[in-house]
Structure formats: C-alpha cells, structure tokens
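Below is one structure; the comments refer to it alone.
Numbering (my numbering), first residue to last: 826 to 899.
The following block contains the structure:
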C-alpha cells in the first residue's frame with residue numbers, strides 16, 4: 826500500500842477495501858471524484874533549496890496548529 830512510486834501504488838478504492846481499513850470503509854457511503862487530484866504546483870521542477878524551505882514552512886505551520894497558535898500563521 827505504501828509505495829514511493831505513484832505509478833505503482835494501489836488505487837484509493839483498493840486501499841479503502843484493504844482489510845486494515847475494513848472496519849472504517851462503507852462502499853455505499855463514499856463519494857467518488859470525477860476528476861483526478863492534481864497538485865497546485867509541480868514539486869519536481871523546484872530547486873532543492875526551495876523545496877527544503879517549503880517543507881520547513883509546512884512543518885512550522887503544523888506545529889503551530891498543534892500548539893493552538895493557529896492565528897499566528899495568518
């Protein structure tokens with residue numbers, strides 16, 4: 826289920842039907858998207874330093890939310 830290469834990953838439908846998630850999955854209560862998910866930006870084209878900055882910023886935002894400082898991020 827956890828494969829780095831996105832082309833080799835199982836589909837979301839197969840993942841939800843996996844025995845590990847069986848108790849949480851109701852196939853009759855699952856919305857299905859008409860369009861595939863797309864990223865807002867392509868990370869492959871970013872310079873390594875910019876990607877590191879984005880990861881750091883996301884980590885800071887996450888920790889701020891977990892510590893109840895959501896207003897500080899606005």
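The beta carbon of each residue, even a glycine, is placed where N, CA and C say it ideally should be.
- Listed in chain order, the beta strand (DSSP E) elements of length 3 or more contained wholly in the stretch 839-888 amount to none.
- No Cβ-Cβ contact shorter than 8 Å links residue 846 with residue 855.
- Here residue 833 carries a helix assignment [DSSP, helix/strand/coil].
- Distance check between residue 850 and each of 860, 838, 859 places 838 closest, using alpha-carbon atoms only.
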